[in-house]
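**Student:**
There are 2 protein chains.
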Amino acid sequence: MAKILYVAIGNEILMGKTVNTNESFIGEHLVAAGIPLDLTITVKDDVAMIANTLNHYWEQYDVIIMSGGLGPTHDDVTKHAMCAFFGKKLIFHNDIWEKIQKMYANKSFDLPEIAKTQAEVPQDFTPLNNTIGTAPGLYFYKNSKHFFAVPGVPSEMRFIFEDSILPLLLENYHPQPLFQRTIRTIGIPESILSTSTQQIKETQKTKIAFLPKPGMVDIRVYGTSEDEVSKIVKLFVQHIPQQSIYGFDNDTIEGIFHKKMMASGKTLSAAESCTGGLIQSLITDNAGSSEYFKGGVVSYSNEAKMEILGVRKATLSRYGAVSRETVKEMVLGAKELIGTDYAIAVSGIAGPDGGTNEKPVGLVYIGTWGKTGLVITKNNFSGTRIEVKNKTALYALRQLEVEI
Amino acid sequence: MAKILYVAIGNEILMGKTVNTNESFIGEHLVAAGIPLDLTITVKDDVAMIANTLNHYWEQYDVIIMSGGLGPTHDDVTKHAMCAFFGKKLIFHNDIWEKIQKMYANKSFDLPEIAKTQAEVPQDFTPLNNTIGTAPGLYFYKNSKHFFAVPGVPSEMRFIFEDSILPLLLENYHPQPLFQRTIRTIGIPESILSTSTQQIKETQKTKIAFLPKPGMVDIRVYGTSEDEVSKIVKLFVQHIPQQSIYGFDNDTIEGIFHKKMMASGKTLSAAESCTGGLIQSLITDNAGSSEYFKGGVVSYSNEAKMEILGVRKATLSRYGAVSRETVKEMVLGAKELIGTDYAIAVSGIAGPDGGTNEKPVGLVYIGTWGKTGLVITKNNFSGTRIEVKNKTALYALRQLEVEI
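Line by line, the protein sequences give chains A and B.
Residues 60 to 463, numbered by my numbering, are exactly what the first sequence covers, in order.
Residues 60 to 463, numbered by my numbering, are exactly what the second sequence covers, in order.
(1) Entirely within the stretch 303 to 350 of chain B and at least 3 residues each: give me those beta strand (DSSP E) ranges in chain order.
(2) Contact criterion: CB-CB distance below 7 Å. Does TYR351(A) meet it with respect to chain B?
(3) Could you tell me the alpha carbon to alpha carbon distance between GLN297(B) and LYS161(A), rounded to whole angstroms?
(4) Tell me, please, whether the CB atom of ILE155(A) is closer than 7 Å to any CB atom in chain B?
(5) In three-state terms, what does DSSP make of ASP277(B)?
(6) Strictly under 7 Å for the Cβ-Cβ distance: is GLN263(B) near chain A by that measure?
(7) Beta carbon of ASP400(B): closer than 6 Å to some heavy atom of the ligand NAD?
(8) Under 8 Å between beta-carbons, which chain B residues line up against ASP134(A)? List them in chain order, please.
(9) Can you list the alpha helix (DSSP H) stretches of 4 or more residues lying completely in the stretch 117 to 164 of chain B, in chain order?
(10) Is there a Cβ from chain A that is less than 7 Å from the Cβ of TYR454(B)?
(11) Do you know offhand how far SER358(A)'s Cα is from THR311(B)'s?
(12) Could you tell me which residues DSSP pairs with ILE435(B) in its beta bridges?
(13) Based on Cα-Cα distance, which residue from ALA208(B), ILE219(B), ALA268(B), GLU118(B) lies nearest to GLU71(A)?
(14) In terms of residue numbering, what span does the beta strand (DSSP E) encompassing GLN301(B) cover?
(15) Which residues bound the beta strand (DSSP E) around PRO271(B)?
(16) Measure the C-alpha to C-alpha separation of LEU64(A) and LEU89(A) and round it to an integer number of angstroms.
(17) Which residues, in order along the stretch 377 to 394 of chain A, keep a beta-carbon less than 8 Å from a beta-carbon of chain B?
(18) What number of angstroms, rounded off, separates the C-alpha of LEU270(A) from the C-alpha of LEU375(B)?
(19) Evaluate contact between the stretch 299 to 310 of chain B and the stretch 383 to 392 of chain B, counting only Cβ atoms and requiring at least three cross-stretch pairs below 8 Å.
(20) I need the boundaries of the alpha helix (DSSP H) containing LYS237(B), first residue and last residue.
(21) Output, in chain order, the set of chain B residues within a Cβ distance shorter than 9 Å of ASP412(A).
(22) Closer than 9 Å between beta carbons: that is the criterion. Which residues of the stretch 95 to 116 of chain A meet it against chain B?
(23) Once the 5 residues before and after TYR378(A) are set aside, which same chain residues still bring their CB inside 7 Å of it?
(24) For a test of the three-state rule: what should DSSP assign to ALA402(A), helix, strand or coil?
(25) Identify, in the order they occur along the chain, each residue of the same chain with its Cβ nearer than 6 Å to the Cβ of THR334(A), setting aside the five sequence neighbours on each side.
(26) Between the stretch 212 to 225 of chain B and the stretch 140 to 147 of chain B, do at least 3 Cβ pairs fall closer than 8 Å?
(27) Using a Cβ cut-off of 7 Å, pull out every chain B residue sitting near TYR359(A), in sequence order please.
(28) Mark HIS477(B) as exposed unless 16 or more other C-beta atoms lie within 10 angstroms of its C-beta, in which case mark it buried.
(29) Compute the beta-carbon to beta-carbon distance between TYR200(A) and ILE245(A), rounded to the nearest angstrom, for a pair I have assumed lies under 8 Å.
(30) Quick check on ILE259(A) - is its C-beta less than 7 Å from some C-beta in chain B?
(31) What distance in whole Å lies between the Cβ atoms of ALA393(A) and ALA330(A), which are believed to be in contact at a cut-off of 8 Å?
(32) Can you tell me whether DSSP reads VAL212(A) as helix, strand or coil?
(33) Are three or more beta carbon pairs between the stretch 359 to 369 of chain A and the stretch 282 to 301 of chain A nearer than 8 Å?
(34) Mind checking whether ASP105(A) and ASP134(A) have CB atoms under 7 Å apart?
(35) How is LEU197(B) classed by DSSP in three states: helix, strand or coil?
(36) Residues of chain B with CB closer than 9 Å to the CB of VAL90(A), please, in chain order.
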């Protein structure tokens, strides 16, 4: 079993300017591959400190993955640290330089001289393909140990990790699989969920974790026995109300919604008030969504609700913009205006201002038109403005998803 | 000057289930206090590994802050690791137990027996007050070294850090304040920016860092001399094209846009194609945006462009949906439909499919109507679908922001 160390090079992380999302990406993908991460170190952009870290951990680890500090500017020192530690010189690679020149060919900028340093690779290191940016990944193999260095920019790190690093590790190690299964729930607070399932216990070979997120709770079961993990998962599924389980593992509400819409052959429109476009943005994050999503309206003012969606003035003045009646006319308005089979509409008070005793911040009406016709729900969401927006969007997608 | 190490205890972090936001919180607050963080280590919930880490780093560091693994369940082992390393026993503190009982008095469920372990503190350690949760922070002082352990739950960690740890550190160390200033730029690649400013050099008391983000670069200048930091910042501002500097320090494009719109007294509408609602969602993330933002359209299909926004069929068939001409009609259509002073419209190819040689993925037209009237730009964005959406949204807000 390979022992793996991840080293993040980053003053910015240590100074709190950047949250290290690379750590969780690498951690998640290594666990899924059955070769989990053992330790992470975040160290400054400093040749001596990077070399010291390598010095201390080199013998203890089989694989070291290092990220950050591969850019072209003076504060990028990772390659120098590697040269210092491994006793190498930088070699200019003409093929990399040509590739960099091609990447710049489409831009309106001239290629600066400094970009040439991106084509320099430590002697005996193998450059790893990076189609997202100009800095190649770097790979060195010595005494059965694998050393990788990748840029810190998440999209570049992710590309090289999936394209080069993971395949190489899987070739070299025979992973001991960790079986894990996540039950993803919406609408039930963690305390209720854990109390109503407290008779379900971990075994020697399994672990159970409750991971609350705004408006949702993941229940993660993992361990070395696939059989025991599935038994525990089955118990949870039996003891949790069906409608609150929206998926498993990497399922997201947006993702399931997208898959079901793609398969349905139906078309969709939307009318958003308090979410301000977020629902439609989540839908269109999915490639291919233009096949079913035809468009929608962000009716942020009463005028927009009336003039574009045809909400009646009498409805707005009698019931208000945040009401079952207005949301009903918004759903029907969007459906008719854009001429779609299905539609989704929301109106609510995202806060922090605008709440009253009768209609407090977090009050949101969600209307959907799906296979059984109109469904309208009244919801009370807690949290900040952004949290109310996010919860509304996910609950709305979930409300229509069960109606696709 | 104190050398500070932060140790995160967390299987969840190493397995990629949790992003370590505690690291950036601690990093940011220590920098602001003038006693920056030197190193971070993330280690498993494992007594031997935690003790090994302390063993290796204890002599090198003046301050160690450890988070996580202080909960009541079997997988919380941090206190046992501390006892093993420091050679201590756990002592039951009755006053903590009484406090825990009080905290549970308001809850609707009974206090479980297991909660008693929360009142156990290693011998000679000082408990630190935690009003958010049941686990107290822990403090130990030995040979001029300070050791802290806090729960991993962010809200509890933050409370104890601000309430106990930071005041204690500031009493013991005489921080050298760090002055920092960030210049935030958009539209110029890092290598061009660094080349065109290469005559600006760090001094003994200052550092310069280039921090690339998708489509944007931050230039951060920091050091112990306020005077030298401002001199260097001034030089950068002189050498960078004015229009590419959108702000300083914690400024965001969305934030500046919102402030200027609030002050303008003007109204705004939007018509989005490839961003699918993201621009309007960013605008409405700001409390108070309903004062100027009246609504908009997500015209994801040609039909929606024609029927809602009044884009002409001839324009779409002659120039295509992604064209200067279509975007022009979208801006004017939104402005007229919703009756606003200003408007913003985008049409482009977010990818990954849908690109051609003539119109590749990442081609985006941005149209804005601001104080000087119509402005349309042609942009070529690189990256994933989500990155193209994000870059388009921020560039569009910036394009109108200079026209408010």
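In this text, a Cβ means the ideal position worked out from N, Cα and C, and glycines have one as well.
**Tutor:** Once the coordinates are examined:
(1) 304 to 307, 327 to 331
(2) no
(3) 31 Å
(4) no
(5) strand
(6) no
(7) This structure lacks the ligand NAD; in fact it carries no ligand of any kind.
(8) LYS266, ILE267, ALA268, PHE269
(9) 137 to 145, 153 to 164
(10) no
(11) 25 Å
(12) GLY426(B)
(13) ALA268(B)
(14) Element bounds for GLN301(B): n/a, residue is neither H nor E.
(15) 265 to 272
(16) 11 Å
(17) none
(18) 48 Å
(19) no
(20) At residue 237(B) the sequence reads Leu, which differs from the Lys that was named. From DSSP, LEU237(B) is part of no alpha helix (DSSP H); its letter is neither H nor E.
(21) ALA346, GLY347
(22) PRO95, LEU96, ASP97, LEU98, THR99, ILE100, THR101, VAL102, LYS103, ASP104, MET108, THR112, HIS115
(23) GLU384, THR385
(24) strand
(25) VAL405, LYS448, THR451, ALA452
(26) no
(27) THR343, SER349, PHE352, LYS353, GLY354
(28) The structure shown does not extend to residue 477(B), since chain B spans only 60 to 463, so no value can be given for it.
(29) The pair is not a contact, with the Cβ atoms about 46 Å apart (cut-off 8 Å).
(30) no
(31) 4 Å
(32) coil
(33) no
(34) no
(35) strand
(36) LEU73, MET74, GLY75, LYS76
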